[in-house]
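Just below is one structure, and these are the notes that go with it.
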Amino acid sequence: MTAAGQLQSAPILGVSSLVKRYDTRTVVDDVSFHIEAGETYGLLGPNGAGKTTIISMVAGLIPADSGSIELMGAVMTPTSTRVKGHIGLVPQELAIYPDLTAKENLMFFGRLQGLKGKELRQRTDLVLDLIGLGDRAREQTKKFSGGMKRRLNIGIGLLHRPTLLILDEPTVGVDPQSRNSILESVETLASEGMAVLYTTHYMEEAERLCDRIAIIDQGRIQAEGTGIN
Numbered sequence: 001m002t003a004a005g006q007l008q009s010a011p012i013l014g015v016s017s018l019v020k021r022y023d024t025r026t027v028v029d030d031v032s033f034h035i036e037a038g039e040t041y042g043l044l045g046p047n048g049a050g051k052t053t054i055i056s057m058v059a060g061l062i063p064a065d066s067g068s069i070e071l072m073g074a075v076m077t078p079t080s081t082r083v084k085g086h087i088g089l090v091p092q093e094l095a096i097y098p099d100l101t102a103k104e105n106l107m108f109f110g111r112l113q114g115l116k117g118k119e120l121r122q123r124t125d126l127v128l129d130l131i132g133l134g135d136r137a138r139e140q141t142k143k144f145s146g147g148m149k150r151r152l153n154i155g156i157g158l159l160h161r162p163t164l165l166i167l168d169e170p171t172v173g174v175d176p177q178s179r180n181s182i183l184e185s186v187e188t189l190a191s192e193g194m195a196v197l198y199t200t201h202y203m204e205e206a207e208r209l210c211d212r213i214a215i216i217d218q219g220r221i222q223a224e225g226t227g228i229n
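Per UniProt numbering, the very first residue in the sequence shown carries number 1; after that it's consecutive.
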């Protein structure tokens, strides 16, 4: 096997024996999984199961009490500034400015991610098309529906071409049309080789999108297997 082949076969993300405690309560208990390039891995479970805590550790937002996280072969901790640049994080909470247009929001966050000039303009236009907001690019986002805001939130996480996209329940509270648009966007990204970590409590979403699914409850992986796709 060539060196390039070996690189392609290595997991994008590897999580091993992850543990997180708050006082005497263990909220993540010995969680391990990995994600390959082009794979969508789902964390399926009810609210409070530990999904958001897991992705917060994976993204380097909070430290693990024990266990390890590796992204593209590099150790991930809250101080791992360089490796964090390979992650696109889309949180449950909207992170957009309502008085700016969709395009202005993307341009602003793109600059924060180090993009500029022609590259920034091209990436902004490409992302607007991907999330289905090209025709609303110059409209203030405070006029957007909840689903449109969610789609823009995802677009912000895509601007810098992340290797791993983390989506934390991105369809909560959105209308059916926007929900379908979000799911189609995720399918497109995975087909183009992006690794995706997707949390949800909707079984039908996990079945549609995910190559493998881990059922999370009480901070532990209760079962893991392949999706139907």
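A virtual CB, placed ideally from N, CA and C, is assigned to each residue, including glycine.
Straight-line Cα distance separating residue j from residue i
| i | j | result |
| --- | --- | --- |
| residue 183 | residue 205 | 8 Å |
| residue 163 | residue 201 | 24 Å |
| residue 38 | residue 25 | 35 Å |
| residue 75 | residue 167 | 21 Å |
| residue 73 | residue 67 | 15 Å |
| residue 222 | residue 41 | 15 Å |
| residue 127 | residue 189 | 11 Å |
Residue i - partner residues in DSSP beta bridges
| i | result |
| --- | --- |
| residue 90 | 167 |
| residue 70 | 14 and 75 |
Residue interval of the beta strand (DSSP E) (run including residue i)
| i | result |
| --- | --- |
| residue 196 | 195-200 |
| residue 225 | 220-226 |
Cutoff 8 Å; reference residue i; Cβ partners in own chain excluding five residues on either side
| i | result |
| --- | --- |
| residue 140 | 98, 99, 100 and 101 |
| residue 138 | 101, 102 and 103 |
| residue 5 | A caution first: residue 5 carries a pLDDT of 44, below 50, which makes its placement in the model unreliable, though a value can still be read off. Contacts found: none. |
Any non-hydrogen atom of the ligand NAP closer than 7 Å to residue i Cβ
| i | result |
| --- | --- |
| residue 76 | The ligand content of the structure shown is nil, which means the ligand NAP is not present either. |
Under the three-state DSSP convention, the category residue i falls into
| i | result |
| --- | --- |
| residue 27 | strand |
| residue 144 | coil |
| residue 20 | strand |
| residue 217 | strand |
Sequence-distant residues of the same chain with beta carbon closer than 7 Å to residue i, five excluded per side
| i | result |
| --- | --- |
| residue 11 | 34, 35 and 36 |
| residue 185 | 130, 131 and 154 |
Contacting residues, own chain, Cβ-Cβ under 6 Å from residue i (five flanking each side not counted)
| i | result |
| --- | --- |
| residue 147 | 174, 175 and 178 |
| residue 27 | 20, 50, 53 and 219 |
| residue 169 | 92, 199 and 200 |
Alpha helix (DSSP H) segment containing residue i, residue limits
| i | result |
| --- | --- |
| residue 54 | 51-58 |
| residue 117 | 117-130 |
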